[in-house]
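*Asks:*
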Amino acid sequence: MSLPEPLPIFDLIPDLKADFAAAGTVIVEAPPGAGKSTVLPLELLHESWLEGQKIVMLQPRRLAAKAVAARMSEVLGEKVGETVGYRVRFDTQVSSKTRIEVVTEGILTRILQNDPELSGVGLVIFDEFHERSLQADLSLALCREVQQVLREDLRLLIMSATLDGAALSRLLDDAPVRTSLGRSYPIEVRYLPRDLEGPLPALTAGVVSRALEEEAGDVLVFLPGSWEIQRTLALLSERHPQISLHALYGELPQAAQQAALLPDPAGRRKVVLATTIAETSLTIVGIRVVIDSGYTRIARFDPRSGLSRLETVRITLDAANQRAGRAGRLGPGVCYRMWSSNTQNQLLSSRLPEIQEADLAPLLLDLAQWGVKNPADLCWLTPPPQAALKQAKEVLENLGAVAEGNITPRGKALLKYPTHPRLAHLLLEAESVGLGALAADVAALLEERDPLTREAGSDVFLRVEALRHWRSRKSGGEGALKRIERLALQWRRLLKVPEENRMPRHEQVGLLLAWAYPERVAKLREGDHLRYRLAQGKGVKLKDHDPLQGEPWLAVAHLDSGTDEGRIHLASPLNIQDLTADFRTQDVLQWDSRTGTLVARREIRYLELVIESTRLQDIPEDQKVQVLCQALRSEGLHLLHWTEDTRQWQARVESLRLWRPEEEWPDVSDQGLLDTLESWLGGFLQGVRKREDFQKLDLPNILLGLLPWEKLQLLEDFAPKSLEVPSGFKIKVQYFADGSTPVLAVKLQEMFGLLDTPAVNAGRNRVLLHLLSPARRPVQVTQDLRSFWQNTYPEVRKELRIRYPKHPWPEDPWTATATRSVKRREH
DNA sequence: CTCTCCCT
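Going by full-length UniProt numbering, the first sequence opens with residue 1, and the numbers climb by one from there.
So this is what it looks like as structure tokens:
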């Protein structure tokens with residue numbers, strides 16, 4: 001089907017050619033369908049600056065790479081592999097005549113690593129750059145460096161569908177931007193009057209029914225994942241038995257996916273419920289109506305745990321437009337958006353670049369090989385985040401792939417295996433002990449989509465079994481196992497080992513997994529059969545009824561981190577003794593707060609997991625003080641033997657510290673004491689083994705050590721324990737640690753004859769008098785004794801002399817003799 | 001309600 005009018009992309013070709021005559025980097029913005037991927041490489045092929053050099057064009061997907069190469073070859077009237085060829089994993093079609101190579105993103109990184117000068121390449125084209133894949137960002141950063149340092153003549157063309165070319169240009173030294181208009185049919189977008197609430201499947205089924213009534217043609221529905229798709233499908237099949245209903249997502253068998261892509265053979269109307277797979281990767285024939293739920297699932301990498309988690313989130317504007325565009329391939333279309341125009345205004349413009357939320361271990365190894373010690377030295381569009389780089393560095397150091405930022409020989413060896421460094425490590429380790437064939441199968445299984453359903457449980461051994469059965473039967477087919485075998489074959493070739501179909505020992509699989517994911521070795525929790533603890537510390541759980549339940553040790557490969565507790569997806573039983581070489585022995589001195597004792601243990605650990613623990617008789621003295629002080633801090637100072645007297649001593653010193661700041665009294669508040677335990681208490685802890693031993697310490701004497709000798713006398717002078725009153729008795733003063741006014745509680749009659757309120761702190765702080773009745777009931781609280789005698793005493797006297805007639809209640813308290821006793825008998 | 005998608 002040829003189109004009557006010329007593709008609009010042709011209009012910008014003269015400008016583009018002029019740009020490239022002068023500049024090294026150009027940006028082209030053109031929406032999908034503009035034809036840029038096919039047209040531009042062919043147009044630029046004969047520019048003089050290319051001088052017979054090659055064009056390398058990047059495509060994010062294998063299928064697209066092959067299709068683009070095929071279309072260009074068709075235009076030239078050639079076969080693929082002549083002027084235009086492609087390189088993708090497992091498949092290369094190029095010849096000595098080839099001038100345009102369409103490659104997938106990982107391939108370019110490999111080309112650059114092998115030949116940083118990119119000899120023979122004059123132009124690198126980045127197609128679909130708006131997708132901002134990790135590999136594309138890395139390749140661009142590397143190409144920019146090549147351009148600056150080694151190859152000033154290297155030209156870069158960045159093609160993007162979204163309209164943020166201006167921002168891109170600023171980051172690329174004001175590279176020229178050329179914009180082309182799209183050429184697609186108009187699409188009528190319909191928003192909901194308001195946002196709906198409730199489960200997505202029911203809402204979606206409602207909108208599908210409405211669309212089937214209002215519009216003609218086949219319908220494509222975007223939902224976040226397989227669960228929503230299956231539920232919606234169930235609802236729709238009841239309501240619309242006459243409609244041809246299809247699910248479309250990556251885990252579905254190939255045949256089911258194929259059926260969803262083609263028109264219904266019986267000519268019925270078709271409704272396809274799809275994930276993001278239908279956004280860019282697969283094109284469905286005959287769609288006129290798109291229904292967009294507005295949600296998608298994304299994997300978020302958590303650098304703290306090194307794990308990722310799936311989250312259901314609102315889609316971004318560019319994805320919404322991409323989805324809507326799927327209705328306009330054949331003619332004018334309709335798109336129902338399951339959100340309001342108000343929400344539309346709040347959508348983010350595009351997803352975060354992958355580099356901001358991905359596992360960066362592979363990237364960091366590539367950079368180390370490139371010779372970059374500090375990733376910040378490269379010129380990034382979006383720099384890789386620090387936290388993820390730190391986690392990646394740890395992973396690579398544990399694998400022995402980098403040391404102090406430099407790639408090691410081991411790291412270089414890992415790069416020979418085009419896969420995640422963890423899996424490359426698995427392959428190499430296994431090969432060295434003669435398990436190469438098994439490693440090839442396991443690494444392939446871990447990299448590809450799971451060939452078994454969830455009902456099978458999570459044991460990787462079952463997958464190895466399935467793969468080996470399938471292979472020994474020499475079955476054909478297009479299924480998941482075939483894809484896995486293609487990968488396993490690549491590993492066997494690299495390792496130079498023959499295929500093997502005997503069943504391995506169960507724990508051999510576990511051991512291989514532990515090599516790839518050492519920090520995910522997991523130990524069964526006591527008294528549980530589903531819950532485990534990972535060697536890195538986190539809790540994880542098997543699915544109910546998983547055949548692996550109750551296994552004492554697991555090597556976990558795939559899991560999601562969840563919010564509190566992770567879920568295990570792929571694992572295998574492990575014989576923990578196989579990891580003996582990685583065990584560490586450590587003596588642990590600990591305060592057991594349950595029994596209140598100091599315990600010394602010798603522990604054998606694998607990372608955070610305790611393999612074996614034995615009690616030690618001898619307690620190492622050097623760490624003991626620290627552990628005991630820590631115990632006091634967590635349990636509190638009350639473990640020590642406090643008496644009323646020691647508490648008062650503390651209050652007296654504290655009062656002076658607050659009243660006399662110029663004298664620098666030590667901080668003996670509870671907090672102050674806790675902060676300095678080691679220095680004042682440390683020397684007295686030799687004999688302490690259990691909680692009761694703290695009580696036996698001579699606290700008053702130990703505390704005295706806190707005061708320098710010259711303060712000892714000052715304490716007695718300024719904050720005396722007691723004060724003498726007119727009766728001749730010494731009465732205890734009550735001090736307070738917060739420095740508030742000390743209290744003197746004394747019988748009223750003992751104070752006869754005294755005019756002024758007694759004071760402490762060299763007369764500066766008057767005490768608060770609690771004047772008591774003969775029965776020690778408080779009669780008056782005052783800091784002004786003179787005023788009491790004058791104003792209050794006459795009233796008080798009237799009442800008290802009736803109640804306590806045997807006691808003296810003189811009219812004139814000033815001249816009366818102070819006493820504790822009853823009236824003297826009158827002669 | 002246990003898992004979107006892609007790549008060496």
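The C-beta atom is built at its ideal place from N, Cα and C for all residues, glycine as well.
All values reported here derive from a predicted model rather than from experimental measurement.
What is the residue span of the beta strand (DSSP E) that Glu519 lies within?
*Replies:* Taken as a continuous stretch (DSSP letters only), Glu519 belongs to no beta strand (DSSP E), as it is neither H nor E.
*Asks:* Do you know how far the Cα of Cys629 is from the Cα of residue 835?
*Replies:* In the structure displayed, the chain extends from 1 to 827; residue 835 sits before or after that span and is not available.
*Asks:* Please return the same chain residues whose Cβ sits closer than 6 Å to the Cβ of Ala437, not counting the five positions on each side in sequence.
*Replies:* These residues qualify, in order along the chain: Val497, Glu500.
*Asks:* Roughly how many angstroms separate the alpha carbons of Leu616 and Leu685, rounded to a whole number?
*Replies:* In a straight line, the C-alpha of Leu616 is about 19 Å away from that of Leu685.
*Asks:* For the region 586 to 598 against the region 551 to 562, do three or more pairs of beta-carbon atoms, one drawn from each stretch, fall closer than 8 Å, so that the two count as touching?
*Replies:* No contact exists between the region 586 to 598 and the region 551 to 562.
*Asks:* Just curious, the beta strand (DSSP E) that Val177 is in, first and last residue?
*Replies:* 177 to 179 is the extent of the beta strand (DSSP E) around Val177.
*Asks:* Which residue's Cα is closest to the Cα of Glu285: Leu704, Asp302, Ala260?
*Replies:* According to the sequence provided, residue 285 is Val. The question's Glu does not apply to it. Checked all of Leu704, Asp302, Ala260; the closest Cα to Val285 is Ala260.
*Asks:* Mind checking which residues open and close the alpha helix (DSSP H) that includes Pro573?
*Replies:* Where Pro573 is concerned, there is no enclosing alpha helix (DSSP H), although the beta strand (DSSP E) it sits in stretches over 566 to 573.
*Asks:* What does the alpha-carbon distance come out to for the pair Arg533 and Glu519?
*Replies:* Answer to the nearest angstrom: the Cα atoms are 11 Å apart.
*Asks:* Closer than 7 Å by C-beta to Gly596: which residues in its own chain qualify, once you throw out the five before and the five after it? Chain order, please.
*Replies:* Cβ neighbours of Gly596 beyond the five flanking positions: Lys690, Arg691.
*Asks:* Just confirm the distance between the C-beta atoms of Val402 and Ala361, as a whole number of angstroms; I'd bet it's less than 8 Å.
*Replies:* The Cβ separation is near 10 Å, so there is no contact.
*Asks:* Look up Glu826 in the DSSP assignment and say whether it is helix, strand or coil.
*Replies:* Caution applies to Glu826, whose pLDDT of 44 falls short of 50 and renders its modelled position unreliable; the value that the coordinates give is listed next. In this structure, Glu826 counts as coil in the three-state DSSP scheme.
*Asks:* Here's the rule: buried if 16 or more other CB atoms are within 10 angstroms of the residue's CB, otherwise exposed. What is Gln650?
*Replies:* Buried.
*Asks:* In the DSSP assignment, find the unbroken beta strand (DSSP E) run with Gly333 in it and report its ends.
*Replies:* Its beta strand (DSSP E) spans residues 333 to 340.
*Asks:* Is the region 86 to 104 touching the region 307 to 326 in the sense that three or more CB pairs, one from each, lie closer than 8 Å?
*Replies:* At 8 Å Cβ cutoff, the stretches do not touch.
*Asks:* Taking the Cβ atom as the reference point for each residue, do residue 829 and Phe752 lie within a distance shorter than 8 Å?
*Replies:* Any question about residue 829 goes unanswered here, given that the chain covers just 1 to 827.
*Asks:* If you draw a straight line from the C-alpha of Val313 to the C-alpha of Ala299, how long is it?
*Replies:* Looking at the two C-alpha atoms, the distance is approximately 10 Å.
*Asks:* Once DSSP output is grouped into helix, strand and coil, what is the label at Pro14?
*Replies:* Three-state DSSP puts Pro14 in a helix.
*Asks:* May I ask you to list the residues that DSSP assigns as paired with Phe694?
*Replies:* Phe694 pairs with nothing; no bridge assigned.
*Asks:* Would Ala21 be called buried (16 or more neighbouring beta carbons within 10 Å of its own) or exposed?
*Replies:* Result: exposed.
*Asks:* How is the alpha helix (DSSP H) around Met72 delimited, first residue to last?
*Replies:* From DSSP, the alpha helix (DSSP H) with Met72 extends over 62 to 76.
*Asks:* So the beta strand (DSSP E) Gly682 belongs to, where does it begin and stop?
*Replies:* Neither: Gly682 is in no beta strand (DSSP E) and is coded neither H nor E.
*Asks:* Are the CB atoms of Ser340 and Tyr191 nearer to each other than 8 Å?
*Replies:* A contact, by the Cβ cut-off of 8 Å.
*Asks:* Quick check: the region 238 to 248 against the region 265 to 279, are at least 3 beta-carbon pairs closer than 8 Å?
*Replies:* The region 265 to 279 vs the region 238 to 248: in contact.
*Asks:* Thr283 and Leu223 - do their beta-carbons sit closer together than 8 Å?
*Replies:* No, these two residues do not count as a Cβ contact at 8 Å.
*Asks:* Can you list, in chain order, the residues of its chain with a C-beta nearer than 6 Å to that of Asp578? Leave out the 5 residues immediately preceding and following it.
*Replies:* Taken in chain order, the residues that qualify are Leu511.
*Asks:* Please name the residue or residues paired with Lys270 in a DSSP beta bridge.
*Replies:* Ser244, per the DSSP bridge assignment.
*Asks:* What span of residues does the alpha helix (DSSP H) with Tyr793 cover, start to end?
*Replies:* 793 to 803 is the extent of the alpha helix (DSSP H) around Tyr793.
*Asks:* Who are the near neighbours of Tyr86 in its chain, counting only those whose CB is closer than 6 Å to its CB and skipping five residues on each side?
*Replies:* Taken in chain order, the residues that qualify are Ala65, Lys66, Ala69, Gln93, Val102.
*Asks:* Reducing DSSP to helix, strand and coil, say where Val781 ends up.
*Replies:* Strand, per DSSP.
*Asks:* In angstroms, rounded to a whole number, what distance separates the CA positions of Ser2 and Gly35?
*Replies:* Caution applies to Ser2, whose pLDDT of 37 falls short of 50 and renders its modelled position unreliable; the value that the coordinates give is listed next. Each residue's Cα considered, the two are about 13 Å apart.
*Asks:* Who are the near neighbours of Trp809 in its chain, counting only those whose CB is closer than 7 Å to its CB and skipping five residues on each side?
*Replies:* Cβ within range, chain order: Arg797, Leu800, Arg801.
*Asks:* Measure the Cβ-Cβ separation of Val733 and Leu769 and say whether it is below 8 Å.
*Replies:* Cβ atoms of Val733 and Leu769: not closer than 8 Å.
*Asks:* Closer than 8 Å is the cut-off here; do at least three beta carbon pairs connect the region 489 to 496 with the region 458 to 477?
*Replies:* In short, these stretches do not touch, since the Cβ pair count stays below three.
*Asks:* Should Leu367 go down as buried or exposed, given a rule of 16 or more other Cβ atoms within 10 Å for buried?
*Replies:* Label assigned to Leu367: buried.
*Asks:* Do Val464 and Leu513 have their C-beta atoms within less than 8 Å of each other?
*Replies:* No, these two residues do not count as a Cβ contact at 8 Å.
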